[in-house]
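*Asks:* Got a structure for you, questions after.
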Amino acid sequence: MLVSVCYSNIHSIKLTRENLVELVQMKELQHDNLLPFLGACTDDHKICYVVQYCSRGSLQDMLSDYSKKLDWSFKFSFVMDIVKGMTHLQKSFFKFHEKLTSNVCMLDNRWVVKITGFGLKKFRFLPKCDETTDDYYRDLLWTAPEILRSNDQQSSSLAGNVFSFGIICHEIVFREYPYQDAGLSAKDIIQKVMCGGDEKFRPAMSPHKSPSVSPSMLELIQLCWHENPANRPTFENISKMLLKFNNKTNVNIVDSMLEKLEKYANNLEKIVEQRTEELVGEKKKTDLLLQSMLPPFIAEELKAGRKVEPKLYRSATVYFSDIVEFPILSSESTPMQIVDLLNDLYGAFDDTISRHKVYKVETIGDSYMVVSGLPQVTERHVVEICNMALDLLGIVKTFKIRHRPEMTLMLRIGIHSGPCAAGIVGHTMPRYCLFGDTVNTASRIESTGQALKIHLSKPARDQLLQFPGYVIELRGPTELKGKGEMVTYWLVRKEATTDELE
Numbered sequence: 001m002l003v004s005v006c007y008s009n010i011h012s013i014k015l016t017r018e019n020l021v022e023l024v025q026m027k028e029l030q031h032d033n034l035l036p037f038l039g040a041c042t043d044d045h046k047i048c049y050v051v052q053y054c055s056r057g058s059l060q061d062m063l064s065d066y067s068k069k070l071d072w073s074f075k076f077s078f079v080m081d082i083v084k085g086m087t088h089l090q091k092s093f094f095k096f097h098e099k100l101t102s103n104v105c106m107l108d109n110r111w112v113v114k115i116t117g118f119g120l121k122k123f124r125f126l127p128k129c130d131e132t133t134d135d136y137y138r139d140l141l142w143t144a145p146e147i148l149r150s151n152d153q154q155s156s157s158l159a160g161n162v163f164s165f166g167i168i169c170h171e172i173v174f175r176e177y178p179y180q181d182a183g184l185s186a187k188d189i190i191q192k193v194m195c196g197g198d199e200k201f202r203p204a205m206s207p208h209k210s211p212s213v214s215p216s217m218l219e220l221i222q223l224c225w226h227e228n229p230a231n232r233p234t235f236e237n238i239s240k241m242l243l244k245f246n247n248k249t250n251v252n253i254v255d256s257m258l259e260k261l262e263k264y265a266n267n268l269e270k271i272v273e274q275r276t277e278e279l280v281g282e283k284k285k286t287d288l289l290l291q292s293m294l295p296p297f298i299a300e301e302l303k304a305g306r307k308v309e310p311k312l313y314r315s316a317t318v319y320f321s322d323i324v325e326f327p328i329l330s331s332e333s334t335p336m337q338i339v340d341l342l343n344d345l346y347g348a349f350d351d352t353i354s355r356h357k358v359y360k361v362e363t364i365g366d367s368y369m370v371v372s373g374l375p376q377v378t379e380r381h382v383v384e385i386c387n388m389a390l391d392l393l394g395i396v397k398t399f400k401i402r403h404r405p406e407m408t409l410m411l412r413i414g415i416h417s418g419p420c421a422a423g424i425v426g427h428t429m430p431r432y433c434l435f436g437d438t439v440n441t442a443s444r445i446e447s448t449g450q451a452l453k454i455h456l457s458k459p460a461r462d463q464l465l466q467f468p469g470y471v472i473e474l475r476g477p478t479e480l481k482g483k484g485e486m487v488t489y490w491l492v493r494k495e496a497t498t499d500e501l502e
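Here the UniProt record's numbering is used: the first residue of the sequence shown is 1, the next is one more, and so on.
Given below as structure tokens:
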């Protein structure tokens with residue numbers, strides 16, 4: 001059996017004969033709708049008592065969880081469970097409940113209400129009574145007006161319990177916190193309840209919020225919270241009234257429990273179906289995000305838990321670009337303006353590269369790196385990169401900077417072809433990275449280029465010559481940092497070929 005251990009903020013307790021009698025009575029008190037008391041610990045600084053564990057929490061928590069559908073049979077069963085528990089309690093040694101609320105009505109795994117919170121005053125956690133806080137008054141929302149007007153608001157009575165039961169019934173029927181629609185603070189609500197009179201203040205009745213409830217139930221609730229305690233029914237009378245207008249002579253516990261479990265299972269199936277749909281939707285979003293960060297087939301391998309080995313590619317084409325004098329533009333702009341600029345620019349770039357067989361490796365600040373020929377192998381990698389570069393150059397020439405619309409971005413592009421290695425780096429945040437001299441050379445080709453021009457290395461130009469329609473100009477010998485002198489070229493434009501015109 002699972003149990004709940006309830007600790008107290010009382011550091012020590014002196015057991016009197018009165019306390020011992022109460023403990024014995026608590027242990028002997030047995031009823032299906034009263035939470036079983038199992039024992040207590042009286043060691044100093046370890047004061048606690050043990051009760052049966054209720055896996056579904058309090059009735060208040062259940063009513064506030066709107067994902068769980070509760071029809072009238074569920075609600076009626078909760079009401080009857082409370083009535084049965086209170087009927088038995090008032091015939092016991094304890095006579096009445098000191099503080100009956102929906103928070104002390106617990107639900108076990110069979111959806112049976114078990115009332116707790118009575119007796120054991122010496123063992124219970126004593127909250128600090130700060131009358132300036134809203135929490136203090138919120139705890140009194142179930143309390144009868146005659147008790148609120150008395151000096152001892154911790155006391156109660158049989159009639160006071162009936163009033164509290166009426167408030168709980170309102171919670172169950174309408175699935176609302178007490179006085180939820182009042183639009184007042186808890187303190188103001190309590191003051192209005194205490195005033196009494198002809199215009200007594202009670203939770204609002206809204207039959208349209210619970211159309212399945214019978215008018216007789218609403219009348220019973222109003223009778224339970226009658227201003228005059230003498231006019232409130234007893235729990236025995238309440239039980240008879242409930243059975244009468246519910247068209248039953250008796251409520252079979254097993255049948256009621258099975259009915260509740262069946263309806264809960266049906267509702268649970270709907271919740272599982274809904275959550276599954278949500279999970280599938282979120283999985284699709286996650287897959288799209290992962291595929292935007294990694295090549296699709298690599299993402300699938302990682303999702304399957306398989307290790308992705310580094311791979312050497314015989315030939316690929318690497319593209320680098322950056323914005324000339326970007327540091328100057330950054331110093332003349334706010335951080336948010338730079339973020340907006342790069343977001344607009346790279347958003348346009350991303351739309352363009354999606355039309356080519358290329359893979360965007362990374363963006364760092366104003367630097368943009370793209371590759372073709374890996375991880376998807378193609379013999380036309382240099383064509384894909386050059387076509388993309390021409391498209392991006394066209395975009396930049398017409399691109400408008402939000403905060404500097406008169407300014408034209410000076411994009412500088414470098415392209416180089418050669419062998420390249422690629423693989424996944426990192427575990428927490430894996431990245432698909434390129435390695436090799438081809439990457440370094442492409443970076444140098446870009447950094448030695450000119451604004452609004454596409455700078456080609458000789459290997460890239462030689463491969464591009466295999467495909468007709470491109471206008472290429474010789475730049476001549478160019479000094480590359482760390483590489484020495486290299487003959488380079490400018491890619492000017494692409495002219496329509498005969499096949500394209502046809």
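A virtual CB, placed ideally from N, CA and C, is assigned to each residue, including glycine.
Note down, one range per segment and in chain order, each alpha helix (DSSP H) of at least 4 residues found wholly within the segment 40-124.
*Replies:* If we require 4 residues or more, the alpha helix (DSSP H) runs fully inside the segment 40-124 come out as 59-64, 72-90.
*Asks:* Looking at C-beta atoms only, is the number of pairs between the segment 70-78 and the segment 30-46 that lie closer than 8 Å three or more?
*Replies:* No: the two stretches stay apart, fewer than three of their Cβ pairs being nearer than 8 Å.
*Asks:* Under the three-state reduction of DSSP, which class applies to L456: helix, strand or coil?
*Replies:* Taking the sequence shown and counting its residues from 1, one reaches residue 456 at position 456. The answer is strand: DSSP assigns L456 an E or B state.
*Asks:* Report the partner residues of D322 according to the DSSP bridge assignment.
*Replies:* Here residue 322 refers to the residue found at position 322 when the sequence shown is read from its first residue. In DSSP, D322 forms a bridge with R412.
*Asks:* Out of curiosity, what's the CA-to-CA distance linking E18 and M26?
*Replies:* In the sequence shown, residue 18 corresponds to position 18, counting from 1. In the sequence shown, residue 26 corresponds to position 26, counting from 1. Taking the straight line from one Cα to the other gives about 12 Å.
*Asks:* Where does M429 fall in DSSP's three states?
*Replies:* Numbered from its first residue, the sequence shown carries residue 429 at position 429. Reduced to three states, the DSSP call for M429 is coil.
*Asks:* Under three-state DSSP, which class holds L34?
*Replies:* As a working mapping, residue 34 is identified with position 34 in the sequence shown. Reduced to three states, the DSSP call for L34 is strand.
*Asks:* Does the beta-carbon of P178 have 16 or more other beta-carbons within 10 angstroms, so that it is buried, or is it exposed?
*Replies:* Indexing the sequence shown from 1 puts residue 178 at position 178. Answer is buried; the Cβ neighbour count reaches 16.
*Asks:* Any contact of the segment 80-91 with the segment 272-284, i.e. 3+ C-beta pairs under 8 Å?
*Replies:* No: the two stretches stay apart, fewer than three of their Cβ pairs being nearer than 8 Å.
*Asks:* What's the C-alpha gap between Q450 and R306?
*Replies:* In the sequence shown, the residue the question calls residue 450 occupies position 450. In the sequence shown, the residue the question calls residue 306 occupies position 306. Spanning the two alpha carbons is a distance of roughly 44 Å.
*Asks:* Just reading off the beta strand (DSSP E) that P477 is part of, what are its end residues?
*Replies:* Position 477 of the sequence shown, counting from 1, holds the residue named residue 477. Unbroken beta strand (DSSP E) run through P477: 470-480.
*Asks:* Does the Cβ-Cβ distance between H356 and G414 come in under 8 Å?
*Replies:* Your numbering for residue 356 matches position 356 in the sequence shown. Your numbering for residue 414 matches position 414 in the sequence shown. Result no, Cβ atoms of H356 and G414 do not sit closer than 8 Å.
*Asks:* Inspect the beta-carbon positions of V383 and F467 and report whether they are closer than 8 Å.
*Replies:* Locating residue 383 in the sequence shown gives position 383, counting from the first residue. Locating residue 467 in the sequence shown gives position 467, counting from the first residue. Their beta carbons are under 8 Å apart, which means V383 touches F467 by this criterion.
*Asks:* Whose C-alpha, out of M194, S372, V492, I353, is nearest the C-alpha of L392?
*Replies:* Taking the sequence shown and counting its residues from 1, one reaches residue 392 at position 392. Among M194, S372, V492, I353, the Cα nearest to that of L392 is on I353.
*Asks:* Among residues of its own chain, excluding the 5 on either side of V213, which ones have a beta-carbon nearer than 6 Å to its beta-carbon?
*Replies:* What you label residue 213 is simply residue 213 of the sequence shown in a count that begins at 1. Within the same chain, V213 has close Cβ partners V173.
*Asks:* Starting from E485, follow the beta strand (DSSP E) in both directions and report where the run begins and ends.
*Replies:* Against the sequence shown, residue 485 aligns to sequence position 485. Taken as a continuous stretch (DSSP letters only), the beta strand (DSSP E) holding E485 covers 484-494.
*Asks:* Could you tell me which uninterrupted alpha helix (DSSP H) segments, each at least 4 residues in length, are contained entirely in the segment 275-308, listed from first to last along the chain?
*Replies:* Complete alpha helix (DSSP H) runs here, min 4: 296-303.
*Asks:* May I ask you to report which of helix, strand or coil DSSP gives T352?
*Replies:* Residue 352 sits at position 352 when you count from the first residue of the sequence shown. T352 falls in the helix class under three-state DSSP.
*Asks:* Using DSSP with H/G/I as helix, E/B as strand and the rest coil, what is V24?
*Replies:* Taking the first residue of the sequence shown as position 1, residue 24 is located at position 24. Helix.
*Asks:* Just checking, does the segment 220-227 make contact with the segment 63-73 on the three C-beta pairs under 8 Å criterion?
*Replies:* No: the two stretches stay apart, fewer than three of their Cβ pairs being nearer than 8 Å.
*Asks:* Since I believe G57 is in contact with V50 (beta carbons under 8 Å), could you give me their beta-carbon distance rounded to a whole number of angstroms?
*Replies:* One-based indexing of the sequence shown puts residue 50 at position 50. One-based indexing of the sequence shown puts residue 57 at position 57. Contact doesn't hold; Cβ gap of about 18 Å is too wide.
*Asks:* I need the boundaries of the alpha helix (DSSP H) containing Y137, first residue and last residue.
*Replies:* For the purposes of this step, residue 137 is taken as the residue at position 137 of the sequence shown. Taken as a continuous stretch (DSSP letters only), the alpha helix (DSSP H) holding Y137 covers 134-138.
*Asks:* Enumerated in chain order, which unbroken segments of the alpha helix (DSSP H) with a length of 4 residues or greater are wholly contained in the segment 169-214?
*Replies:* Segments of the alpha helix (DSSP H) lying fully in the segment 169-214: 186-195.
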